[in-house]
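Going line by line, the protein sequences match chains E and Z.
Heads up: the first sequence runs through residues 617 to 908, numbered per our numbering.
Heads up: the second sequence runs through residues 617 to 908, numbered per our numbering.
In what follows, a structure is listed as structure tokens, so that the remarks can point back to it.
There are 2 protein chains.
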Amino acid sequence: MNRRHPHVLIGPGDDCALVTCSGETILTVDQVIEGRHVVAALGPSLIARKALARSLSDIAAMAGTPRWALVTGALPADLASRAGFGAADLCDALHHWAEHFSVPVVGGDLAGTSGPLVLTVTVGGAPHVARGPVRRSGAAPGDGLYVTGALGGSLESGRHATFAPRLSEAQALADLLGPRLTSMIDISDGLGRDAAHLARASGVGIEIDAERLPVHGDVHSPAPGSAWRCAAEDGEDYELCFTARGDVPALICGTPVTRVGAVVRGEGCRIRTPDGALYDAAKSGWDHPLGE
Amino acid sequence: MNRRHPHVLIGPGDDCALVTCSGETILTVDQVIEGRHVVAALGPSLIARKALARSLSDIAAMAGTPRWALVTGALPADLASRAGFGAADLCDALHHWAEHFSVPVVGGDLAGTSGPLVLTVTVGGAPHVARGPVRRSGAAPGDGLYVTGALGGSLESGRHATFAPRLSEAQALADLLGPRLTSMIDISDGLGRDAAHLARASGVGIEIDAERLPVHGDVHSPAPGSAWRCAAEDGEDYELCFTARGDVPALICGTPVTRVGAVVRGEGCRIRTPDGALYDAAKSGWDHPLGE
Chain E
617 MNRRHPHVLI
627 GPGDDCALVT
637 CSGETILTVD
647 QVIEGRHVVA
657 ALGPSLIARK
667 ALARSLSDIA
677 AMAGTPRWAL
687 VTGALPADLA
697 SRAGFGAADL
707 CDALHHWAEH
717 FSVPVVGGDL
727 AGTSGPLVLT
737 VTVGGAPHVA
747 RGPVRRSGAA
757 PGDGLYVTGA
767 LGGSLESGRH
777 ATFAPRLSEA
787 QALADLLGPR
797 LTSMIDISDG
807 LGRDAAHLAR
817 ASGVGIEIDA
827 ERLPVHGDVH
837 SPAPGSAWRC
847 AAEDGEDYEL
857 CFTARGDVPA
867 LICGTPVTRV
877 GAVVRGEGCR
887 IRTPDGALYD
897 AAKSGWDHPL
907 GE
Chain Z
617 MNRRHPHVLI
627 GPGDDCALVT
637 CSGETILTVD
647 QVIEGRHVVA
657 ALGPSLIARK
667 ALARSLSDIA
677 AMAGTPRWAL
687 VTGALPADLA
697 SRAGFGAADL
707 CDALHHWAEH
717 FSVPVVGGDL
727 AGTSGPLVLT
737 VTVGGAPHVA
747 RGPVRRSGAA
757 PGDGLYVTGA
767 LGGSLESGRH
777 ATFAPRLSEA
787 QALADLLGPR
797 LTSMIDISDG
807 LGRDAAHLAR
817 ASGVGIEIDA
827 ERLPVHGDVH
837 SPAPGSAWRC
847 AAEDGEDYEL
857 CFTARGDVPA
867 LICGTPVTRV
877 GAVVRGEGCR
887 IRTPDGALYD
897 AAKSGWDHPL
907 GE
């Protein structure tokens, strides 16, 4: 038994792990692939951190609490010679960040590959005890559209590898708003495209007001007055995008919350630009093309 | 909700899946890497089958029942041109075999890679309702050592890609033997090395009698009288190796069960050869070097 995590009855080393669970479990898996989501020059610590944080961000998007993680690594034979780190460094880093994020790694598998490094992280968790799992499909006309934090420039700034999954913020929003928190997603493909996912899953339309977008302070927009475009289109922000009815606090767990649009009847997600034009947000966004 | 699998409350398409659970969950993850565990020439159906079956074999090794699976694929851009199949073929095959093995795929992730195909399959399940999870660590001196089926030649024969995980056999053994089923593992590294895992986890010694080994009928041994060596050393059999006290049936769910050795005081796993020599089984076995 794991003293720090008493729900872990069997950890790594047997054919399976064994964890206690009660009622319902939320489940997600994600991968980071060298050349696509990370480059080896990030080093083992940030690569391990990002692999865990991407899956934890999915748990946050449901307002859940992570309870365990399983990790696989497909490890290039030449990793040590070309990148200066190896399997042991990655394992140490995974355990370090797993402790940091309070999620025990209960098992996994490492094997050699002739290709790039691939890490996968599966996370199981508990849905919010009162609100239940916050799905993409609950948005209704009249709800506001909100985001946490600031958007844009994640890749250029390196934040794509250092972000903190918004677990506490999501849980606090579910505590506070309960059923008024109607839908939620984490922003990985870019606000426009992820808000379009909410619209499609909920069978509604969403309008985003470009002038309200909280653009990150270090965004260098390609043209004057177009910084909002980075906030709407850049990927890998890993902030929360949610819809809610009624009052929503401007700050949650110390993180700003900004109303950036509204849910309307209809379908699709449109962005109203500062000059009043509307364009289809589903066609904007980001396809994780790091290093390609 | 999934009508065929009512414990799946949210399936693919949201940030997380949601499943019901009760009490305890067993968890495992494994991967198949092109060039190491599979070659593209196997085709999408057998690759998908093996990816699922390897993880299900870990569930069998604990005498559990699989309840859900999560799948990731790192997909080479040139897969279609060089192997003649693509992401859609793999997805179809994964869903086909998941239905075949009665385990719903509740989520996953696909992304491009510049390297070989990598599939990972995470499976969660329920431990045996009466016996509980069968660990590697329960073997005691005086127990017999048993294997299901026949051993050896898995790679040459192609059985490494077509085996059926011994889920029913494991559950029936746990039903029948209860606490007399003292430890269990699935044979992936070769009987000698996997029995050595049982010995180490249990703090006991194991002696295997080479003359008792059920050698598969199509094993072509390199030298006369050495077929037992293929049975002891070849990997990827995915049969069950278990220890039990008292009577054990010779057939379970139609699959032969053979007593191949005994648990003794001490440590390590030794194989007694037909000429009476003893050698260290932990140094035998297989490291999945397919195609390398």
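Using N, Cα and C, we set each Cβ at its ideal position, and we do this for glycine too.
The Cβ-Cβ distance between Z:Leu634 and Z:Ile626 falls below 8 Å. Under the DSSP definition of a beta bridge, Z:Phe858 partners with Z:Tyr762 and Z:Met800. Z:Thr798 sits close to Z:Ala755, with the two beta carbons spaced by under 8 Å.
By the 16-neighbour rule on beta-carbons within 10 angstroms, Z:Leu867 is exposed.
The beta-carbon of E:Ser837 is placed no less than 8 Å from the nearest beta-carbon of chain Z. According to the DSSP assignment, E:Leu792 belongs to no beta strand (DSSP E) but to the alpha helix (DSSP H) extending over Leu783 to Leu793. E:Glu640 and Z:His623 have their C-alpha atoms spaced approximately 9 Å apart. The beta carbon of Z:Cys632 is closer than 8 Å to those of Ile626 and Gly723 in its chain, skipping five residues each way along the sequence.
Listed along chain Z are Arg751 and Arg752, each with a C-beta nearer than 7 Å to that of E:Asp630. The three-state reading of DSSP puts E:Leu733 in coil, since its state is none of H, G, I, E or B. With respect to the C-alpha of E:Pro781, the residue from E:Glu849, E:Ala746 and E:Gly765 having the closest C-alpha is E:Gly765.
Under the three-state reduction of DSSP output, Z:Leu634 falls in the strand class. The beta carbon of Z:Val763 sits closer than 6 Å to those of Glu855, Cys857, Thr874 and Val876, all from its chain and outside the five residues before and after it, given in chain order.
Note: E:Asp863 is not bridge-paired with any residue in the DSSP secondary-structure output. Annotation for E:Ala699: Ala656 place their beta carbon closer than 6 Å to its own, counting only its chain and skipping 5 residues before and after.
Counting of Cβ neighbours within 10 angstroms places Z:Leu706 among the buried residues, the total reaching 16 or more.
For Z:Cys637, the chain E residues whose C-beta falls within less than 8 Å of its own C-beta are Cys637, Ser638, Gly639, Glu640 and Thr641, listed in chain order. With 16 or more other Cβ atoms from the protein chains shown falling within 10 Å of its own Cβ, Z:Lys666 counts as buried. Residue range Gly659 to Ala677 is occupied by the alpha helix (DSSP H) that includes Z:Pro660.
For Z:Glu883, there is no enclosing alpha helix (DSSP H), as DSSP marks it with neither H nor E. Where Z:Leu807 is concerned, the enclosing alpha helix (DSSP H) starts and stops at Leu807 to Ser818.
Z:Ala690 sits close to E:Ile649, with the two beta carbons spaced by under 8 Å.
Remark: three or more beta-carbon pairs, one from each stretch, lie closer than 8 Å, so the stretch 813-833 of chain E and the stretch 841-850 of chain E are flagged as touching. Residues of chain E whose Cβ lies closer than 7 Å to the Cβ of Z:Ala690 are, in chain order, Gln647, Ile649 and Val734.
Among the CB atoms of chain E, none fall inside 8 Å of the CB of Z:Val820. At a Cβ-Cβ threshold of 8 Å, E:Asp708 and E:Arg670 do not count as neighbours. Taken through DSSP and simplified to helix, strand or coil, Z:Asp708 comes out as helix. Under DSSP, no beta-bridge partner is assigned to E:Glu852. Under the Cβ criterion (8 Å, minimum of three pairs), the stretch 672-686 of chain Z counts as touching the stretch 777-793 of chain Z. Beyond the five residues adjoining it in sequence on each side, Z:Pro890 comes within less than 8 Å, by CB distance, of Ala826, Glu827, Gly841 and Trp844 in the same chain, given in chain order.
The alpha-carbon of E:Leu792 is positioned some 31 Å away from that of Z:Asn618. For Z:Ala633, at least one C-beta of chain E is nearer than 8 Å to its own C-beta. In this structure the stretch 800-814 of chain Z does not touch the stretch 731-744 of chain Z; the number of beta carbon pairs closer than 8 Å is below three. Per the coordinates, the alpha-carbon of E:Leu733 lies some 25 Å from the alpha-carbon of Z:His776. For Z:Leu625, the closest Cβ of chain E is nearer than 8 Å. Secondary structure of Z:Arg619 (DSSP, three-state): coil.
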